[in-house]
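J.: Structure provided below as structure tokens; questions to follow.
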Amino acid sequence: MATATIDFPKDEFRVCPDTSFRVYKRAEPLMIVNAVAAILCLAIGGTAALLMGLHKLPIEWSPLGSDTLLYYRIVSIHGVNMLILWIVFFEVAAMFFVSTALLNTRLASVPLGWVSFALMLVGALMLEYSLFFDKPGGGYDSIVMFTAYFPLKATPIFYLGYILFAVGVLVAAIVFFWTIYLAKKTLYADRSLPLTVYGVFVAVVIAVQAILNGAIVMVLALLYSLDILKAADVDADFWKQVFWGFGHTAQYINIAATAAIWYALIYLVAGAKPMNEKFSRFAFLLYLIFTVPVATHHLIVDPAYSMPFKLINATILALGLAVPSLIHAFVIPGALEKKMREDGKAGEGLFGWFKNLPWNEPGMGALFWSVFLFGFGGMLGSIQGTYQLNLITHNTLRINAHFHLTVVAATTIAFMGLSYYFMQLIPRRKLLSKKLAVIQPHIYGIGLGILATGLFIAGVQGAPRRTATYENYDPALVAQWGPGLWLLGIGAVIAVTAGALYVLLMVGTLFFGEKLPKDGDANAPLPGLDDSSDATSEETHEHKRFEAPSIVFIGLGFMVIFAVFYITTFLILALNGWYIGPNIPNA
Amino acid sequence: MALIPPPKNWWKIPLGKDEKVWAYVIILMIVMMGTITVVWVFLGNQNPPELYTKYNSYDDYKNKAWSSGSTLDLGTLKSKDVPALIADDSDTEIFLSARQFAWSIIAPVTNEGNIIFDKETVQNYPINGKTYPYLTDVGLQVKANTYYRLHVYGVDRLHGFEISERVVAIQIVPQYDYVFEFMATQPGLYQIICNEYCGTGHHTMTLWLEVVE
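Which chain is which? The protein sequence lines are A and B, in order. Going by the working numbering, the first sequence opens with residue 1, and the numbers climb by one from there. Going by the working numbering, the second sequence opens with residue 588, and the numbers climb by one from there.
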């Protein structure tokens, strides 16, 4: 047995008193610095979010005044900080965490880990400098948004920052794979990786693909920014396609990581395990296959590609991406219900178990809002990605409704939920206030729900995204957007308040939280690696009854809503009345 | 127990009834969505435009526009005192371009010859005996129930061509002439706005679109 021969020297490893995992001490500071960098970027992006939300309110006053340039700057700061810096720094922290602590393994190379952090930090600082201080002029557009579509021209420092940051992530990915390899060679030679580690592994494979795409576009853009290439040398739609090969593929890093964290959270809050390993692992694998063509859905109403290319890649294959997400979003609540029923906490009626969930755990509220809002975000995404429906959704605020529900609601809330446990497991600090931590995800989720509703309503009425002011537009038209914009602003304020609470709780806990003991019983068995680890015959026996009947019921209800929503959107397109595209009668 | 390894023979644990039902429901849903979209491509009346041409330069595109045979008229919109170019049912090809930060109409115009008409050039043309100041908003008038091929060429950056209130949008890409084939059925006054960030004056790109009987 491999476990017996593994030695955990006391100066390198500590035994976690709560979980008995062997934690490699030299990896801990790496996790903490990445997590702190992530939270700082979240604070910057959140401040920007507050300013944007207030600016969008349909009233005369705005914190930005009538400075449209400042608005575009704030949007760019918000986009890059939230979508790239906060999420990727956090994911790198999670990579180091799951590959070492959850696998009882030493980090393959601590120096390389620091090299990766240094590169990412320098890259991030360059990006921030460009976002905060670069001005348009001298041939540069400079305020170029997160979606810095070629031939928009930023200063070289912007692209260099991106490239350094990406190289840093690539180095971290190498350290991650190497660590997994070490674990597979020793402790895990005859065992499969834990599901959470497997999920993060899939996320990192997707990340490598995203980074390679990102390298192509950022290097091209850098050469353009340095005047080595001219605008006409690069096809703008080729650039856009490859950019989304980075930009949207990166979102599937987030989703795979989010799902992996959901599986960790159901265990941490309720001790629940996935309904079926096969089902969940298969779902993760689908992300790997179907992310390849997904970028194309950003080009459905672009000129450069043919109908079959766009239809097949952007819609048919991209619909395949809904499959794993639907599986995870079903299995997570299903596993909770199953566990509650097994524990005799079924309560009264079909939904009695729901009340008995451990709502006094910070991870519980995070799980609920993360999965719940993700369902709607996915719905909107499938609609926008549909070949024809993109005509009435492209670049309206509906798009923002979609990704605020997926990447902000699902990913960010899940990350927040996990980090409350991370604080107690790695820096070993007791949360300053568990009560506030329990409430925080609920406030954040409600705020985002309102925000996304507002974005959706205004978007359906045609309000464009990334637009500083609507004063040049038909006042009658803009007046219609009022209710949506009000909801947007109010939701943003609520969500940012909860976001600030999160940042304060995290930073406060890290510095002032009560210290918890670091070392546990050195003789405790390695979690999950004992010999008698075959599935019991009870488990391999096929069940005839529903184990999570209420989630099946809710799932069917969700699908009915989804189908009605989808078909209704087609009806809206048709009732629009105008004929558009190749099939025009009497043309 | 996603934090620890699964049982050694995890693949032998069969799918439960819940998971099977859910898998079938997912497949049904995906097939339904896929079928609707594919059928709509062939039978639906609203699909993304498919015609496009890539040009080496803006000049090539302008020459194409001026030799298209569609001759527009100078005038004003019916419902608003906005200088506009008027297309009737014989002008099936209309040429637009998008640049930082204006929509321009490129056409041979009765009595004026080949012109580029936008909010900056509008002062060059007296319309109904009146001149309009530099940077006045301009418009385009088309007929309802008439088939048009509205070409839109991207001059410098990506732009978004959105007919607001109807909420229809396509992407305009540098060097590409993307042909928005359409037939408007409801008369009314609409606004074409830019819905892709194209630089710091992005929000000022507007063009009125009036559909008349």
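Note that beta-carbon positions come from the ideal geometry of N, C-alpha and C, so glycine has one too.
Beta carbons nearer than 9 Å to chain A: which residues of the segment 620–636 of chain B have them?
T.: 620, 621, 623, 624, 625, 627, 628, 629, 630, 631, 632, 633, 634, 635, 636
J.: Check the Cβ-Cβ distances between residue 686 (chain B) and every residue of chain A, and say whether any is below 8 Å.
T.: Numbered from its first residue, the second sequence carries residue 686 (chain B) at position 99. By this cut-off, residue 686 (chain B) is not an interface position.
J.: Do we get a CB-CB distance below 8 Å when we pair residue 276 (chain A) with the residues of chain B?
T.: Numbered from 1 along the first sequence, position 276 holds the residue referred to as residue 276 (chain A). Yes, because at least one Cβ of chain B sits closer than 8 Å to the Cβ of residue 276 (chain A).
J.: Output the residue ranges of the beta strand (DSSP E) runs that lie fully inside the segment 342–394 of chain A and measure 3 residues or longer, sorted by chain position.
T.: none
J.: Under 7 Å between beta-carbons, which chain A residues line up against residue 603 (chain B)? List them in chain order, please.
T.: What you label residue 603 (chain B) is simply residue 16 of the second sequence in a count that begins at 1. Correct list: 275, 276, 543, 547.
J.: Leaving out the 5 sequence neighbours to the left and right, which residues in its chain are closer than 7 Å to residue 14 (chain A) when beta-carbon positions are compared?
T.: Taking the first residue of the first sequence as 1, we reach residue 14 (chain A) at position 14. Excluding positions up to five away in sequence, the list reads 23, 25, 518, 519.
J.: Counting C-beta neighbours from all protein chains within 10 Å, is the total for residue 273 (chain A) 16 or more, i.e. buried, or is it exposed?
T.: Here the question's residue 273 (chain A) lines up with position 273 in the first sequence. Answer is buried; the Cβ neighbour count reaches 16.
J.: Beta strand (DSSP E) containing residue 689 (chain B): first to last residue?
T.: Translated into the one-based positions of the second sequence, residue 689 (chain B) becomes position 102. 689–696 is the extent of the beta strand (DSSP E) around residue 689 (chain B).
J.: Where do the ends of the alpha helix (DSSP H) carrying residue 549 (chain A) lie?
T.: Within the first sequence, the letter at position 549 stands for residue 549 (chain A). Run containing residue 549 (chain A): 549–575, per the alpha helix (DSSP H) assignment.
J.: Let me know the secondary structure DSSP gives residue 103 (chain A) once reduced to three states.
T.: Within the first sequence, residue 103 (chain A) is the residue found at index 103, counting from 1. Three-state DSSP puts residue 103 (chain A) in coil, outside helix and strand.
J.: Work out the CA separation of residue 196 (chain A) and residue 36 (chain A) for me, nearest whole Å.
T.: By one-based count along the first sequence, residue 36 (chain A) stands at place 36. By one-based count along the first sequence, residue 196 (chain A) stands at place 196. Each residue's alpha carbon lies about 22 Å from the other.
J.: Quick one: which chain B residues come within Cβ less than 7 Å of residue 328 (chain A)?
T.: Here residue 328 (chain A) corresponds to residue number 328 of the first sequence, with the count starting at 1. Listed along chain B is no residue with a C-beta nearer than 7 Å to that of residue 328 (chain A); the closest approach is about 11 Å.
J.: Could you check which residue in B:716, B:632, B:675, B:648 has the C-alpha nearest to that of residue 769 (chain B)?
T.: As a working mapping, residue 769 (chain B) is identified with position 182 in the second sequence. The residue with the shortest Cα to Cα distance from residue 769 (chain B) is B:632.
J.: For my contact list, residue 115 (chain A) and residue 171 (chain A) are in at a C-beta cut-off of 8 Å; report their separation, rounded to the angstrom.
T.: For the purposes of this step, residue 115 (chain A) is taken as residue 115 along the first sequence, with counting starting at 1. For the purposes of this step, residue 171 (chain A) is taken as residue 171 along the first sequence, with counting starting at 1. So it is a contact: roughly 6 Å between Cβ atoms.
J.: For residue 487 (chain A) versus residue 457 (chain A), is the C-beta spacing smaller than 8 Å?
T.: On the first sequence, residue 487 (chain A) is found 487 positions in, with the first residue counted as 1. On the first sequence, residue 457 (chain A) is found 457 positions in, with the first residue counted as 1. Contact: yes.
J.: Answer yes or no: do residue 600 (chain B) and residue 278 (chain A) have a C-beta to C-beta separation smaller than 8 Å?
T.: Locating residue 600 (chain B) in the second sequence gives position 13, counting from the first residue. Locating residue 278 (chain A) in the first sequence gives position 278, counting from the first residue. The answer is yes: Cβ separation under 8 Å.
J.: Can you tell me the Cα-Cα spacing of residue 138 (chain A) and residue 155 (chain A), whole angstroms?
T.: Along the first sequence, one-based indexing puts residue 138 (chain A) at 138. Along the first sequence, one-based indexing puts residue 155 (chain A) at 155. Their Cα atoms are separated by approximately 10 Å.
J.: In three-state terms, what does DSSP make of residue 660 (chain B)?
T.: Numbered from 1 along the second sequence, position 73 holds the residue referred to as residue 660 (chain B). Strand at residue 660 (chain B).
J.: Taking only three categories from DSSP, how would you classify residue 543 (chain A)?
T.: Along the first sequence, one-based indexing puts residue 543 (chain A) at 543. DSSP places residue 543 (chain A) in coil when its eight states are reduced to three.
J.: Whole angstroms is fine: what's the gap from residue 781 (chain B)'s alpha carbon to residue 589 (chain B)'s?
T.: By 1-based counting over the second sequence, the position of residue 781 (chain B) is 194. By 1-based counting over the second sequence, the position of residue 589 (chain B) is 2. Approximately 48 Å between the Cα atoms of the pair.
J.: Check whether the segment 42–52 of chain A touches the segment 456–472 of chain A, taking contact to mean three or more Cβ pairs, one atom from each stretch, closer than 8 Å.
T.: no
J.: Based on Cα-Cα distance, which residue from B:613, B:649, B:594, B:637 lies nearest to residue 695 (chain B)?
T.: As a position in the second sequence, residue 695 (chain B) is number 108, starting the count at 1. Looking at the Cα atoms, B:649 is the closest of the given residues.
J.: Indicate whether residue 437 (chain A) and residue 52 (chain A) have their beta-carbon atoms separated by less than 8 Å.
T.: Translated into positions along the first sequence, residue 437 (chain A) becomes position 437. Translated into positions along the first sequence, residue 52 (chain A) becomes position 52. In this structure, residue 52 (chain A) does not lie closer than 8 Å to residue 437 (chain A) by Cβ.
J.: Look at the alpha carbon of residue 704 (chain B) and the alpha carbon of residue 660 (chain B), and state the distance between them as a whole number of angstroms.
T.: On the second sequence, residue 704 (chain B) is found 117 positions in, with the first residue counted as 1. On the second sequence, residue 660 (chain B) is found 73 positions in, with the first residue counted as 1. So the two alpha carbons sit approximately 11 Å from each other.
J.: One question on the structure: do residue 639 (chain B) and residue 303 (chain A) come within less than 8 Å of each other, judged by their Cβ atoms?
T.: Numbered from its first residue, the second sequence carries residue 639 (chain B) at position 52. Numbered from its first residue, the first sequence carries residue 303 (chain A) at position 303. Taking 8 Å as the cut-off, the beta carbon of residue 639 (chain B) is found closer than this to the beta carbon of residue 303 (chain A).
J.: If the cut is a Cβ gap below 9 Å, which residues of chain A does residue 692 (chain B) touch?
T.: The sequence position of residue 692 (chain B) within the second sequence is 105, counting from 1. Per Cβ cutoff of 9 Å: no residues; residue 692 (chain B) is ~18 Å from chain A at best.
J.: Quick one: list the residues of chain B neighbouring residue 264 (chain A), beta-carbon separation under 7 Å, in chain order.
T.: Within the first sequence, the letter at position 264 stands for residue 264 (chain A). The answer, in chain order, is 589, 590.
J.: Residues of chain A with CB closer than 7 Å to the CB of residue 789 (chain B), please, in chain order.
T.: In the second sequence, residue 789 (chain B) corresponds to position 202, counting from 1. Within 7 Å Cβ-Cβ: 467.
J.: Could you tell me the distance, in whole angstroms, from the CA atom of residue 312 (chain A) to the CA atom of residue 499 (chain A)?
T.: Position 312 of the first sequence, counting from 1, holds the residue named residue 312 (chain A). Position 499 of the first sequence, counting from 1, holds the residue named residue 499 (chain A). Approximately 39 Å between the Cα atoms of the pair.
J.: Out of A:88, A:522, A:178, which has the shortest C-alpha to C-alpha gap to residue 109 (chain A)?
T.: On the first sequence, position 109 is the one that residue 109 (chain A) refers to. Comparing Cα-Cα distances from residue 109 (chain A) to each of A:88, A:522, A:178, the minimum goes to A:178.
J.: CB-CB under 7 Å to residue 750 (chain B), same chain, minus the five flanking residues each way: which ones, in chain order?
T.: For the purposes of this step, residue 750 (chain B) is taken as residue 163 along the second sequence, with counting starting at 1. Result list for residue 750 (chain B): 777, 779, 796, in chain order.
J.: Grouping DSSP H, G and I as helix and E and B as strand, with all else coil, what is residue 621 (chain A)?
T.: Any answer about residue 621 (chain A) is impossible in this case: the structure gives chain A only from 1 up to 587.
J.: Leaving aside the five residues before and after residue 707 (chain B) along the sequence, list all residues of the same chain whose C-beta is less than 8 Å from its C-beta, in chain order.
T.: Position 120 of the second sequence, counting from 1, holds the residue named residue 707 (chain B). Answer for residue 707 (chain B): 689, 721, 722, listed in chain order.
J.: Nearest-angstrom Cα distance between residue 339 (chain A) and residue 271 (chain A)?
T.: Reading the first sequence from its first residue, position 339 is the one you call residue 339 (chain A). Reading the first sequence from its first residue, position 271 is the one you call residue 271 (chain A). A straight-line Cα-Cα distance of about 8 Å links residue 339 (chain A) and residue 271 (chain A).
J.: How many whole angstroms separate the CB atoms of residue 175 (chain A) and residue 112 (chain A), which I take to be in contact at a CB cut-off of 8 Å?
T.: Numbered from its first residue, the first sequence carries residue 175 (chain A) at position 175. Numbered from its first residue, the first sequence carries residue 112 (chain A) at position 112. With a Cβ gap of about 5 Å, residue 175 (chain A) and residue 112 (chain A) count as contacting.
J.: Contact defined as beta carbons within less than 8 Å: I believe residue 741 (chain B) pairs with residue 794 (chain B). What is the distance between those atoms, to the nearest angstrom?
T.: Taking the second sequence and counting its residues from 1, the one referred to as residue 741 (chain B) is at position 154. Taking the second sequence and counting its residues from 1, the one referred to as residue 794 (chain B) is at position 207. Actually they do not touch by this definition, with Cβ atoms about 15 Å apart.
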